[in-house]
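What follows is a single structure, written as structure tokens, with notes after it.
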Amino acid sequence: MAATIFVSDLATTGFGLENSAYGSLPSGGLSAANKWFGIVKGTMEFPDDEIDWQPQYMHGHGRNPAIFMEGKHECNGSVEFMVQNGKFLFLALGGQIVNTEDYSGAYDKHVIETASLEDLDLTLRAEDSKGYRTLPSFTWHVSLENPGGASYNWGRYALGCKVDSCTITGEEEGAMTASLDIIAKKTVDSNTTLVATSPETTDVYTFAGGTVTYAGSTLAEVTDFEVTINNNLKPKFYWNSTNTKYLTDLLESKREITSKLTVLPKDRTYFTRLISGKGTAAFDIIIKGSRDQDTNEYIQMTLKNCFLKSAPHALSEDDVEMTVPLDIMVEYMITEIVDQNGSDLL
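Mapping of the sequence shown onto my numbering: position 17 corresponds to residue 3, and the numbering continues sequentially without gaps.
Next up, the structure:
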């Protein structure tokens, strides 16, 4: 069975926001059909219910449980995909979106700001009427096609989703990929078929159009990189009368961002900085990816106020080339996305 997945439009439907996670599906299903994650790799784990059944033992009932008490419901899932657009970065970061339409000819620019200044700003985002420091809440829909040719597919909706963690990777000869760990409030099923669905047809972001700038200098040979965003979400199950056994809220805790780069030591920019004492001073790293050297459309991640944690040099008799892994701590990041006109992040 083929699966189609997308993220609902927060701004127009409002469905999937935190205050609507326990309502019924909109009449006719969700109308927003073009908010795709990208080309899914490997196995996708949809946030199906996991129930914490608690066996209760009683005197006079032998050694077997007398009853099973229904505990909390948890809905966790994950998806890995090749990056075709930058929508997922807003879901993983939250923050403030600054849109510049017609930035350059037929292209728009979207900048996601996540500095402490935005975290403390009480302004509400136009996209979902939430504060900058919060993560957007969304609906994740998977539709499994009916192999028998019947008119109805099997659709599942994960409601009130937030991204717990996100890992973005790129390697030599490969594409930029992203994986999301997602926590949902509730999962429901429906036979409603998506309206006017069409997959993303653009190319993926690959190594051929990527550059990495380290403390103001471009690294000549980077074999792979990894950026991890951990939101440390805290599921809360409060005493209340509205949502049965499902979680009441997903609270954002400390945001942690780390990065790893593997470089060839012939480019000693990082090493000179480490041994000269500058390793204790903050610097920036810029990772920019485009589609097969097409510089008109790109995703640029600027890792701000970085600190080099380690750069071990391991020598092996079997290695054709020597590589050095850099372990980096990051204060915050600014993301810049340039894409076709009208390709809003939401």
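Just so it is clear, CB atoms sit at the ideal spot from N, CA and C, and this is done for glycine as well.
Residue i classed as buried or exposed, judged by whether at least 16 other C-beta atoms fall within 10 angstroms
{"i": "Gln42", "result": "exposed"}
{"i": "Ser115", "result": "exposed"}
{"i": "Glu283", "result": "buried"}
{"i": "Lys172", "result": "buried"}
{"i": "His127", "result": "buried"}
{"i": "Arg49", "result": "exposed"}
{"i": "Ala112", "result": "exposed"}
{"i": "Ile37", "result": "exposed"}
{"i": "Leu16", "result": "Only weak support exists for where Leu16 lies, its pLDDT of 49 falling under 50; the coordinates are left without a value."}
Cα-Cα separation, residue i to residue j
{"i": "Asp34", "j": "Gly275", "result": "34 Å"}
{"i": "Leu312", "j": "Thr244", "result": "11 Å"}
{"i": "Gly146", "j": "Leu294", "result": "37 Å"}
{"i": "Asp105", "j": "Lys95", "result": "22 Å"}
{"i": "Arg142", "j": "Val174", "result": "6 Å"}
{"i": "Ile83", "j": "Glu60", "result": "30 Å"}
{"i": "Ala7", "j": "Arg277", "result": "Note that Ala7 scores a pLDDT of 35, beneath 50, so its modelled location is shaky; the value from the coordinates is reported in the next line. Going from the Cα of Ala7 to the Cα of Arg277 covers about 36 Å."}
{"i": "Tyr191", "j": "Leu301", "result": "32 Å"}
{"i": "Phe23", "j": "Phe74", "result": "7 Å"}
{"i": "Ala52", "j": "Ile273", "result": "58 Å"}
{"i": "Val26", "j": "Asp270", "result": "31 Å"}
{"i": "Thr153", "j": "His47", "result": "50 Å"}
{"i": "Thr321", "j": "Leu79", "result": "9 Å"}
{"i": "Leu219", "j": "Glu207", "result": "36 Å"}
{"i": "Ala144", "j": "Thr125", "result": "6 Å"}
{"i": "His299", "j": "Phe193", "result": "24 Å"}
Bounding residues of the beta strand (DSSP E) (the contiguous stretch that carries residue i)
{"i": "Lys58", "result": "53 to 68"}
{"i": "Met319", "result": "318 to 326"}
{"i": "Thr214", "result": "208 to 216"}
{"i": "Pro33", "result": "Per DSSP, Pro33 belongs to no beta strand (DSSP E) and is neither H nor E."}
{"i": "Leu250", "result": "From DSSP, Leu250 is part of no beta strand (DSSP E); its letter is neither H nor E."}
{"i": "Thr86", "result": "82 to 90"}
Extent of the continuous alpha helix (DSSP H) run through residue i
{"i": "Lys73", "result": "73 to 79"}
{"i": "Leu106", "result": "102 to 106"}
At least three beta-carbon pairs within less than 8 Å, the segment 158 to 172 to the segment 61 to 69: yes
Touching by the beta-carbon criterion (3+ pairs, under 8 Å), the segment 194 to 205 and the segment 85 to 104: no
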